[in-house]
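So the sequences go chain by chain: A and B.
Residue numbering for the first sequence follows numbering that gives the first Met the number 0, beginning at 0 and increasing consecutively.
Residue numbering for the second sequence follows numbering that gives the first Met the number 0, beginning at 0 and increasing consecutively.
Each remark here refers to the structure printed beneath this line.
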Amino acid sequence: MVNLSDLFARNGSACRPWPRVSVNEAEWSALCAELAAGRLTLSALFGDSATVHMALLDEATGRLALASLPCPAGAFPSVARHHPPAARLERTIRDLFGLTPVGAPDDRPWLDHARWGVRAPLGAASPDAGAGAAYTVLPVEGEGVHQIPVGPVHAGIIEPGHFRFSAYGETVVRLEERLGYVHKGTEGLMAGRTPEEAARIAGRHSGDATVAYALAFCRAVEAARGVAIPERAHALRGLMAELERLANHLGDIGAICNDAAFALMLAHCGVLRERVLRASARAFGHRLMMDRVVPGGVAQDITAEAITGVKAMVAEVRRAFPALVRLYDETASLQDRTVGTGFTKPEYVRQFGAGGFVGRASGRPFDARRALPYPPYDRLPFEVPVRTDGDVNARVWVRIREVEESLGLIIRLLDTLPKGDILVPVPAGGGEGVALVESFRGDVFAFVALAADGRVRRAHLRDPSWFQWPLLETAIEGNIVADFPLCNKSFNCSYSGVDL
Amino acid sequence: MRKLLLQGLLKAPLTEKGPDDAAVEALARELDAAARARLGRSLSIREVDAGSCNGCELEIHALGNAFYDLDRFGIRFVASPRHADVLLVTGPVAKNMAEALKRTYDATPSPKWVVAAGDCAINGGLFAGSYAVTDGAAAVIPVDLKIPGCPPTPVDLLTGLLALLRAGKA
Chain A
0 MVNLSDLFAR NGSACRPWPR VSVNEAEWSA LCAELAAGRL TLSALFGDSA
50 TVHMALLDEA TGRLALASLP CPAGAFPSVA RHHPPAARLE RTIRDLFGLT
100 PVGAPDDRPW LDHARWGVRA PLGAASPDAG AGAAYTVLPV EGEGVHQIPV
150 GPVHAGIIEP GHFRFSAYGE TVVRLEERLG YVHKGTEGLM AGRTPEEAAR
200 IAGRHSGDAT VAYALAFCRA VEAARGVAIP ERAHALRGLM AELERLANHL
250 GDIGAICNDA AFALMLAHCG VLRERVLRAS ARAFGHRLMM DRVVPGGVAQ
300 DITAEAITGV KAMVAEVRRA FPALVRLYDE TASLQDRTVG TGFTKPEYVR
350 QFGAGGFVGR ASGRPFDARR ALPYPPYDRL PFEVPVRTDG DVNARVWVRI
400 REVEESLGLI IRLLDTLPKG DILVPVPAGG GEGVALVESF RGDVFAFVAL
450 AADGRVRRAH LRDPSWFQWP LLETAIEGNI VADFPLCNKS FNCSYSGVDL
Chain B
0 MRKLLLQGLL KAPLTEKGPD DAAVEALARE LDAAARARLG RSLSIREVDA
50 GSCNGCELEI HALGNAFYDL DRFGIRFVAS PRHADVLLVT GPVAKNMAEA
100 LKRTYDATPS PKWVVAAGDC AINGGLFAGS YAVTDGAAAV IPVDLKIPGC
150 PPTPVDLLTG LLALLRAGKA
């Protein structure tokens, strides 16, 4: 048997701040058993040149470690065979690196729709006709069961994906997701770039969480190079991350209510969201704050005038938000749609290690800002709201409480803003670094390996949605087709983030 | 709720004048004339995300909020390409989305315009050169107008859409 302490006990890892150790097949399989038994949480699973890496989280102690299995024969023992959350990650490894998970329960491709003109583009690449390939959706049998195909082009302004509903009358008996439509080859593009160039690509894994992604990537680079950034940069990064969380939660709360045919909330929340984006633009020169978190610190300092602007925005949200919360809570027609809809089982959330509002609405209190604290959160007081009812309503309430927490954090960060530099140089050189940061939607994992010349050899960023999308399939079961938009919006999973 | 609704009636509207530049004001007036001449009373847009990071979509959504209030120009987003005059395309066009984009274009009745919104849709942006993208919408369908930015701001988008109408009239 192998556990996390054994991995920590091994010396010689070049990876910081958490170790990465090589394991053999027997140890790999033993770790899979630990995952299956629920003693460890799968944080990431990704390919490399003739290697697979697995990031394992011990939630009880707040420790993380990476296990790496060399696969010279191009195969590795399937993790998904024992632990279902690994399934799509494994299919991705095979599509991108050509490494085969032996014994995998599902051997269909995931990101590879046979359109790229190349197979295993990041591994032993080989040409492919590139004409597209048929995809077998899982069969559903039974009298009166019909299928509804939806997407990839949807009716609204939304990212593309395909949803196959199997319904009995109005009741959904199975939902199957097929994603990969927005695969852009992001990881391939990051390899060979300087950390500064790669940080810009990292920030575009998922545009709504650009600050969190850039932060995860930059923290991993700084860990790899052993660089300590200035206190003021930490505080400004935290400020940006909370502004991002605030804007997204306000947008989501409005959009969820809108999908329950309650447009008034969307109108009011849309105004508040716009106020946040404008304050962010004044403070950091970009409404979404893209490319503002850079290796070594932040790209732009905040002026006294912009601080006043952010504080005025916070005051306005504090003035306007309570009435909206009351409106949400006291409108029977709205509650009728959100309460009890899209229930997500706490045991699934635990098994999948689902983070963000999806996890916290179903009783999993994990928040990377609290569980594996990093600056500036290690010195800030804040609550992590948790509910156990697990429905659309609970996911709305987690967001409402987090809006209130973020407002407090923003003011606190501004009032205690350290003086000094905002950027230090990151000396070129090799190394490996890992980071886990909390985006508005859950924890983003980052692994960066730098070559000796300082360029990125391999970078992997794992979106929280990897462990939330599969739960959406379970949440819709037994609900009516018409409630899918509501369930989907309350999850608000990223497409681009998982399509890579 | 009554209080909120009442506030909406009594307080000054948040809607701004639109792009505040005088030239764009002129464009806005022209939009009205052009739109009525060619398209009846309105312009209908079908948005297609062909591989964006979702940043462009966030700003396109913002066009509908009380500050920009796209509807007042007679411009609206529709759910089907069959109701659309304009395809608004974002993303470097992932190869996995190329066929869906082409089919959406084919399903849009003529006359139609294509707007490439954002750097990615114009030339692939930061994703240019990847094995998985086509380096912009023009590789898949003809593009009539480009609105640069990463992402373009709502004002950029609004200005571009107004400019499209002027070009459409010529």
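Virtual Cβ for every residue (Gly too), placed ideally from N, Cα, C.
Local Cβ density within 10 Å of residue 302 of chain A, reported as buried at 16 or more and exposed below that: Here the question's residue 302 of chain A lines up with position 303 in the first sequence. Exposed, by the Cβ-count rule.
Selection of the region 92-121 of chain B by Cβ proximity to chain A, strictly under 9 Å: Taking 9 Å as the Cβ-Cβ cut-off against chain A, the residues of the region 92-121 of chain B that qualify are 93, 94, 95, 96, 97, 98, 99, 100, 102, 103, 119.
Contacting positions in the region 39-65 of chain B - beta carbon closer than 9 Å to chain A: Look at the region 39-65 of chain B: the residues with a C-beta under 9 Å from a C-beta of chain A are 45, 46, 47, 48, 49, 50, 51, 52, 53, 54, 55, 56, 57, 58, 59, 60, 61, 63, 64, 65.
8 Å Cβ shell around residue 316 of chain A - same chain, five flanking residues per side excluded: For the purposes of this step, residue 316 of chain A is taken as residue 317 along the first sequence, with counting starting at 1. Non-local beta-carbon contacts of residue 316 of chain A in its own chain, meaning distances under 8 Å to residues more than five positions away in sequence, involve 245, 249, 271, 274, 275, 402, 406 in chain order.
First and last residue of the uninterrupted alpha helix (DSSP H) at residue 488 of chain A: Working through the first sequence from its first residue, we reach residue 488 of chain A at position 489. For residue 488 of chain A, the enclosing alpha helix (DSSP H) begins and ends at 483-490.
The region 417-427 of chain A in contact with the region 201-211 of chain A per 3-pair CB rule at 8 Å: Contact between the region 417-427 of chain A and the region 201-211 of chain A is absent: fewer than 3 CB-CB pairs across the two stretches fall below 8 Å.
Same chain only: Cβ atoms within 6 Å of residue 169 of chain B, ignoring 5 sequence neighbours per side: Translated into the one-based positions of the second sequence, residue 169 of chain B becomes position 170. Low per-residue confidence applies at residue 169 of chain B: pLDDT is 42, beneath 50, and the placement is therefore not dependable, though the value from the model is reported in the following sentence. Hits under 6 Å: none found.
Simplified DSSP state of residue 185 of chain A, which is helix, strand or coil: Looking up residue 185 of chain A in the first sequence gives position 186. In the three-state scheme derived from DSSP, where H, G and I count as helix and E and B as strand, residue 185 of chain A is classed as helix.
Burial state of residue 164 of chain B, where buried means 16 or more other Cβ atoms lie within 10 Å: Within the second sequence, residue 164 of chain B is the residue found at index 165, counting from 1. So residue 164 of chain B ends up on the buried side.
Partners in chain A for residue 132 of chain B, counting only beta-carbon separations shorter than 8 Å: The residue given as residue 132 of chain B occupies position 133 in the second sequence. Neighbours of residue 132 of chain B across chain A, judged by C-beta separation under 8 Å: 183, 184.
Local Cβ density within 10 Å of residue 353 of chain A, reported as buried at 16 or more and exposed below that: Locating residue 353 of chain A in the first sequence gives position 354, where the first residue counts as 1. With a 10 Å radius around the Cβ and a threshold of 16 neighbouring Cβ atoms, residue 353 of chain A comes out buried.
Sequence-distant residues of its chain with Cβ nearer than 7 Å to residue 12 of chain A (five each side left out): As a position in the first sequence, residue 12 of chain A is number 13, starting the count at 1. Correct list, in chain order: 18, 19, 20.
Within-8 Å CB hit, residue 180 of chain A to chain B: One-based indexing of the first sequence puts residue 180 of chain A at position 181. Interface annotation, residue 180 of chain A: in contact with chain B, CB-CB separation under 8 Å.
Residues of the region 325-351 of chain A with Cβ closer than 7 Å to any Cβ of chain B, in chain order: Taking 7 Å as the Cβ-Cβ cut-off against chain B, the residues of the region 325-351 of chain A that qualify are 326, 330.
Closer than 8 Å to chain A by CB, residue 0 of chain B: Along the second sequence, one-based indexing puts residue 0 of chain B at 1. Contacts with chain A at 8 Å (Cβ-Cβ) include residue 0 of chain B.
Proximity winner among A:395, A:360, A:375, A:397, relative to residue 387 of chain A (alpha-carbon distances): As a working note, residue 387 of chain A is residue 388 in the first sequence. The shortest Cα separation from residue 387 of chain A among A:395, A:360, A:375, A:397 belongs to A:360.
Residue 266 of chain A at chain B interface by Cβ criterion, 8 Å: Residue mapping note: residue 266 of chain A aligns to position 267 of the first sequence, counting from 1. For residue 266 of chain A, at least one C-beta of chain B is nearer than 8 Å to its own C-beta.
Secondary structure of residue 169 of chain B, DSSP reduced to three states: If you number the second sequence from 1, residue 169 of chain B lands on position 170. Since pLDDT at residue 169 of chain B reaches only 42, below the 50 mark, its modelled position is unreliable, and no value is offered.
CA-to-CA distance, residue 294 of chain A to residue 425 of chain A, given in whole angstroms: Walking along the first sequence from the start, residue 425 of chain A turns up at place 426. Walking along the first sequence from the start, residue 294 of chain A turns up at place 295. Straight across, the Cα-Cα distance linking residue 425 of chain A with residue 294 of chain A is about 7 Å.
Neighbour list for residue 14 of chain B in chain A, Cβ cutoff strictly below 9 Å: Position 15 of the second sequence, counted from the start, is the residue given in the question as residue 14 of chain B. One finds nothing in chain A with a Cβ atom closer than 9 Å to the Cβ of residue 14 of chain B; even the nearest lies about 10 Å away.
Proximity below 8 Å, CB of residue 136 of chain B to CB of residue 120 of chain B: Reading the second sequence from its first residue, position 137 is the one you call residue 136 of chain B. Reading the second sequence from its first residue, position 121 is the one you call residue 120 of chain B. Yes; because the gap between Cβ atoms is below 8 Å, this pair is in contact.
C-beta contact flag for residue 517 of chain A and residue 441 of chain A at 8 Å: No information on residue 517 of chain A is available, as it lies outside the stretch 0 to 499 that chain A covers here.
Reference residue 53 of chain B, options B:91, B:74, B:45, B:141, closest by Cα: For this step, residue 53 of chain B is matched to residue 54 along the second sequence. The candidate whose alpha carbon is nearest that of residue 53 of chain B is B:91.
Residue 70 of chain B versus residue 11 of chain B: straight-line alpha-carbon distance, rounded: Counting from 1 along the second sequence, the entry for residue 70 of chain B is found at position 71. Counting from 1 along the second sequence, the entry for residue 11 of chain B is found at position 12. Cα to Cα, residue 70 of chain B sits roughly 18 Å from residue 11 of chain B.
Test: residue 46 of chain A CB closer than 8 Å to a CB of chain B: Here residue 46 of chain A is taken as the residue at index 47 of the first sequence, counted from 1. Chain B, which has no Cβ nearer than 8 Å to the Cβ of residue 46 of chain A, makes this no.
Residue 145 of chain B - containing beta strand (DSSP E), residue span: Within the second sequence, numbered from 1, the residue matching residue 145 of chain B stands at position 146. Where residue 145 of chain B is concerned, the enclosing beta strand (DSSP E) stretches over 144-146.
Between the CA atoms of residue 158 of chain B and residue 115 of chain B - distance to the nearest angstrom: Translated into positions along the second sequence, residue 115 of chain B becomes position 116. Translated into positions along the second sequence, residue 158 of chain B becomes position 159. Residue 115 of chain B and residue 158 of chain B have their C-alpha atoms spaced approximately 14 Å apart.
Residue-chain proximity (residue 125 of chain B, chain A), Cβ-Cβ < 8 Å: In the second sequence, the residue the question calls residue 125 of chain B occupies position 126. Any Cβ of chain A closer than 8 Å to the Cβ of residue 125 of chain B would place that residue at the interface, and such an atom is present.
Start-to-end residues for the beta strand (DSSP E) that takes in residue 34 of chain A: In the first sequence, counting from the first residue as 1, residue 34 of chain A sits at position 35. Careful: residue 34 of chain A lies outside any beta strand (DSSP E), inside the alpha helix (DSSP H) at 24-35.
Environment of residue 1 of chain B [buried if 16+ CB atoms lie within 10 Å]: Numbered from 1 along the second sequence, position 2 holds the residue referred to as residue 1 of chain B. Within a 10 Å sphere around the beta-carbon of residue 1 of chain B sit fewer than 16 other beta-carbons, which makes this residue exposed.
Boundaries (first-last residue) of the alpha helix (DSSP H) holding residue 51 of chain A: The sequence position of residue 51 of chain A within the first sequence is 52, counting from 1. Not the alpha helix (DSSP H): residue 51 of chain A falls in the beta strand (DSSP E), residues 50-57.
Beta-carbon neighbours of residue 3 of chain B, restricted to chain A and to distances below 9 Å: What you label residue 3 of chain B is simply residue 4 of the second sequence in a count that begins at 1. Here the neighbours are 263, 267, 322, 323, 326.
Alpha carbon of residue 141 of chain A to alpha carbon of residue 150 of chain A, nearest angstrom: Taking the first residue of the first sequence as 1, we reach residue 141 of chain A at position 142. Taking the first residue of the first sequence as 1, we reach residue 150 of chain A at position 151. So the alpha carbons of these two residues sit roughly 24 Å apart.
Helix, strand or coil at residue 69 of chain A according to DSSP, with G and I counted as helix: The residue you call residue 69 of chain A lines up with position 70 of the first sequence. Strand.
Distance between residue 476 of chain A and residue 15 of chain B (C-alpha atoms, nearest Å): Working through the second sequence from its first residue, we reach residue 15 of chain B at position 16. Working through the first sequence from its first residue, we reach residue 476 of chain A at position 477. Just so you know, the alpha carbons of residue 15 of chain B and residue 476 of chain A end up roughly 44 Å apart.
CB-CB length for residue 368 of chain A against residue 489 of chain A, believed under 8 Å: On the first sequence, position 369 is the one that residue 368 of chain A refers to. On the first sequence, position 490 is the one that residue 489 of chain A refers to. About 22 Å separates the two Cβ atoms, so there is no contact after all.
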